[in-house]
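Before any comments, here is the structure.
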Amino acid sequence: MITALVTIMVLAALAGLATVVTAGAPEEISLADRIDALLPQTQCRRCTFAGCRPYAEAIAQGAADINQCPPGGERTAKALARLMGVAPKPVGKEFGVVPDHPAVAFIEEEACIGCTKCIQACPVDAIVGASRHMHTVIAADCTGCELCIPPCPVDCIIMRPAPTVAR
Amino acid sequence: MTASELLTGGLRLEAHKQRSTKAPIRIASLAERYVIPLDQHSGLSAVPLVKPSDRVRMWQPIAQPAPGISAWLHSPVSGEVVAIEPRPAPHRLGAPTLSIVIANDGRDERFENAAAIVSFEQISPTEACEHIGRAGIVGLGGAAFPTANKLESSLCENGPQLLLNGAECEPYISCDEMLMRERAEDIVFGGRALLHALCARNCTIAIEEDVPEAQAALLRAIEKAGDSRIRIKVVPAIYPAGGERQLIATVFGVEVPHDGLPADIGIVCQNVGTAAAIARWIRDGQPLVSRIVTVTGDGVTEAGNWEARIGTPFSSLIVDSGGYTERMARLIMGGSMMGIPLPHDDLPVVKATNCIIAASALDLQPRSAEMPCIRCGNCSQACPAFLLPQQLHWYLQPFDGDQLARHGLLDCIECGCCDYVCPSQIPLVERFREAKPLLTRELDARLTADAARARFIARNERLARLEAEHRAKLAAKRRPRNEPTS
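Listed in order, the protein sequences are those of chains A and B. 9 is the number of the first residue of the first sequence in our numbering; add one for each residue after it. 123 is the number of the first residue of the second sequence in our numbering; add one for each residue after it.
Here is the structure:
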């Protein structure tokens with residue numbers, strides 16, 4: 009009887025100790041980090057913020073709603089609603105249209121004059137080229153944010169359906 | 123841990139193979155038209171080498187592999203290419219798939235492929251792999267993965283172990299059993315060729331305990347070949363013991379990592395039918411233009427195994443089998459557990475066609491209405507892939523990608539054991555099959571998003587650094603002018 013009790017107490021103490029040791033310092037994941045993880049990282053600014061991360065921080069501070077991300081569409085809005093514990097709602101029309109199919113930018117190379125304006129606009133460094141040389145979009149790295157389109161002085165950038173990745 | 127302990131789950135099912143194994147393998151009658159889908163192997167579609175109205179001879183290459191994972195295609199007959207157009211095919215039921223259609227002239231004029239027959243021991247293993255590739259040989263166990271690609275990725279310096287899969291565990295299918303009974307010498311010949319091509323140390327032929335005639339035939343063939351590297355391993359007749367990963371666990375007592383391949387643990391698994399196809403190519407110069415197809419079920423008059431040329435219409439095999447019976451209800455390609463239902467029989471035999479079941483209501487009882495999951499856990503006990511189907515089902519509605527990935531949805535082998543034991547008749551595998559591409563897409567999207575986030579952060583840091591450097595430079599320029607006044 010006594011042995012059993014002692015054994016159990018020792019085991020319990022060891023288990024407690026083990027929990028404390030393995031737990032260690034808890035790694036802080038902020039609310040903004042968790043929101044950012046749900047965003048599509050298009051960096052398109054349609055949410056009115058300067059990128060996905062700033063939008064995430066705004067939601068975390070209560071300065072933005074969960075329905076401001078057209079590229080993420082219904083799924084992102086739902087996931088955000090679940091995380092924030094609010095009722096889901098469709099993406100606000102004022103932020104843009106939810107695309108049916110992901111698209112990427114494409115530079116019509118014969119028209120490109122090599123002005124580098126699109127390179128400066130690209131938030132994810134997905135355009136290569138140099139001054140007075142032809143530019144091109146790395147399709148695999150393009151998020152389809154369309155930020156390169158307005159600065160182009162010769163309107164040689166068009167949106168095309170994103171290439172499907174072969175598996 | 124012993125081998126049998128590692129094979130958890132699975133079911134002992136009634137084999138339903140007696141009807142189709144009574145008669146020997148017969149040669150299917152020739153058809154007028156042969157339809158050869160270009161995408162009948164896994165990987166990329168083959169590229170046609172012929173055009174409509176070209177004359178082709180039997181065994182002539184008609185399509186070459188695309189760069190990457192792909193395979194050669196050969197003409198099963200001599201005749202004329204009448205069209206290259208989308209045609210319905212049993213492996214892509216969604217939409218017609220681009221196929222080469224050949225009108226048979228009935229003469230079987232052979233294309234002389236002088237380079238086909240080689241003395242195998244005299245060429246290097248790398249050349250041997252390439253040589254096998256030129257025959258258009260793909261895995262005949264059902265997945266139709268190009269064999270040359272599999273061999274290339276399995277070449278290793280210290281020599282893998284070769285496993286020939288003769289464990290035909292799925293009910294109704296008996297093409298491998300009949301092959302082992304009648305053409306055991308081909309299998310042993312092919313096994314020896316594979317041993318050479320892979321620099322493999324030894325070859326194990328796995329065979330189920332309930333096929334004594336096939337075991338005896340293989341033992342005789344091994345004895346005749348006098349090759350001490352080849353041995354037989356009898357495995358329990360449990361479905362799905364013949365699944366690649368399950369068979370490796372049963373035979374070698376090791377588990378293939380869930381995110382790895384058998385080659386990662388030094389094992390290469392090939393179907394016995396693939397080995398026999400390799401033998402025919404090396405010995406007789408015959409590329410993969412035919413395969414053995416089981417036609418069975420209560421819905422055909424006479425069940426049996428047929429050597430059918432690739433592209434033969436299913437309807438022609440049904441006629442060979444004496445036609446449908448009155449009880450015919452559903453047509454299925456594959457076995458009763460993993461087979462796919464077919465809408466009609468105007469479909470060509472492809473390299474992956476191992477079995478056609480003309481099922482009556484006796485063979486496959488129609489599923490009754492689905493009821494809610496009662497969380498009995500039968501499915502997780504039956505699952506041979508160590509998964510928890512009830513949990514996967516739970517996370518499907520609403521779709522929870524994180525939990526589905528964590529619970530190994532992508533490791534589901536779609537064997538159907540969970541469906542079979544589910545008392546609530548939930549079509550679990552169907553749901554999992556639909557969910558897998560969704561999950562893959564979500565995980566891909568997450569990887570792309572992570573990469574975009576990393577580049578966004580890197581760019582912002584770079585811009586901030588350039589800005590700071592610029593300001594520092596400006597400040598340094600201003601300072602000399604300011605100094606005298608201060």
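For glycine and all other residues, C-beta sits at the position ideal for the given N, C-alpha and C. Please read these numbers as outputs of a predicted model, since none were measured by experiment.
### Message
Suppose only complete runs of 3+ residues qualify. What are the beta strand (DSSP E) ranges in the stretch 350-376 of chain B, listed by chain order?
### Response
352-357
#### Entry: Pairwise C-alpha distance: residue 361 of chain B and residue 244 of chain B
40 Å
### Message
So, at 7 Å on beta carbons, what are the nonlocal neighbours of residue 65 of chain A in its own chain, with the 5 sequence-adjacent residues on each side left out?
### Response
For residue 65 of chain A, same chain residues with a beta-carbon under 7 Å away, outside a window of 5 residues either side, are 40 in chain order.
### Message
Please confirm whether residue 168 of chain B has its beta-carbon closer than 8 Å to some beta-carbon of chain A.
### Response
False, the Cβ-Cβ gap to chain A never drops below 8 Å.
#### Entry: 8 Å Cβ cutoff, residue 508 of chain B in contact with chain A
no
### Message
According to DSSP, is residue 127 of chain B part of a helix, a strand, or is it coil?
### Response
Low confidence applies to residue 127 of chain B: its pLDDT is 48, below 50, so where it sits in the model is not reliable, and the reading given next is rough at best. Looking at residue 127 of chain B - three-state DSSP - the assignment turns out to be helix.
### Nearest-angstrom Cα separation, counted from residue 337 of chain B out to residue 135 of chain B
20 Å
### Task
Give me the Cα-Cα distance between residue 261 of chain B and residue 132 of chain B, rounded to the nearest whole angstrom.
23 Å
### Message
For the pair the stretch 287-298 of chain B and the stretch 382-398 of chain B, tell me if three or more CB-CB distances fall below 8 Å.
### Response
These segments touch.
### Test: residue 578 of chain B CB closer than 8 Å to a CB of chain A
yes
### Query
Where does residue 384 of chain B fall in DSSP's three states?
helix
### Message
Does the CB of residue 144 of chain A have a neighbour CB from chain B at under 8 Å?
### Response
For residue 144 of chain A, no CB of chain B lies under 8 Å from its own CB, so it is not counted at the interface with that chain.
### Task
Measure the CB-CB distance between residue 133 of chain A and residue 577 of chain B and report whether it falls below 8 Å.
yes
### Terminal residues of the alpha helix (DSSP H) in which residue 428 of chain B lies
Element bounds for residue 428 of chain B: not the alpha helix (DSSP H) but the beta strand (DSSP E), 426-431.
### Query
Taking three-plus beta-carbon pairs below 8 Å as touching, is the stretch 415-431 of chain B in contact with the stretch 449-456 of chain B?
The stretch 415-431 of chain B makes contact with the stretch 449-456 of chain B: 3 or more CB pairs, one atom from each, lie closer than 8 Å.
### Local Cβ density within 10 Å of residue 138 of chain B, reported as buried at 16 or more and exposed below that
Residue 138 of chain B should be labelled buried.
### Query
Excluding sequence positions up to five away, which residues of its chain have a Cβ less than 7 Å from the Cβ of residue 498 of chain B?
545
### Task
Could you tell me the distance, in whole angstroms, from the CA atom of residue 74 of chain A to the CA atom of residue 62 of chain A?
13 Å
### Message
Would residue 549 of chain B and residue 130 of chain B qualify as a contact pair, given that the criterion is a beta-carbon distance under 8 Å?
### Response
no
### Task
Check each candidate in A/23, A/152, A/69 and name the one with the smallest Cα separation from residue 108 of chain A.
A/152
### Query
Enumerated in chain order, which unbroken segments of the beta strand (DSSP E) with a length of 3 residues or greater are wholly contained in the stretch 188-215 of chain B?
201-211
### Simplified DSSP state of residue 252 of chain B, which is helix, strand or coil
helix
#### Entry: Cβ-Cβ separation, residue 470 of chain B to residue 159 of chain B (assumed contact under 8 Å), whole Å
7 Å
### Query
Roughly how many angstroms lie between the CA atoms of residue 571 of chain B and residue 17 of chain A, to the nearest whole one?
Distance between the alpha carbons of residue 571 of chain B and residue 17 of chain A is about 49 Å.
#### Entry: Minimum C-alpha distance to residue 560 of chain B - residue among B/589, B/536, B/521
B/521
### Query
Sorted by chain position, which residues of the same chain lie with C-beta nearer than 6 Å to residue 610 of chain B's C-beta, five sequence neighbours on each side aside?
As shown, chain B starts at 123 and ends at 608. That puts residue 610 of chain B outside it, with no answer to give.
### Query
CB-CB under 7 Å to residue 311 of chain B, same chain, minus the five flanking residues each way: which ones, in chain order?
Counting only residues of its own chain and dropping the five nearest sequence neighbours on each side, residue 311 of chain B has a CB closer than 7 Å to the CB of 401, 405.
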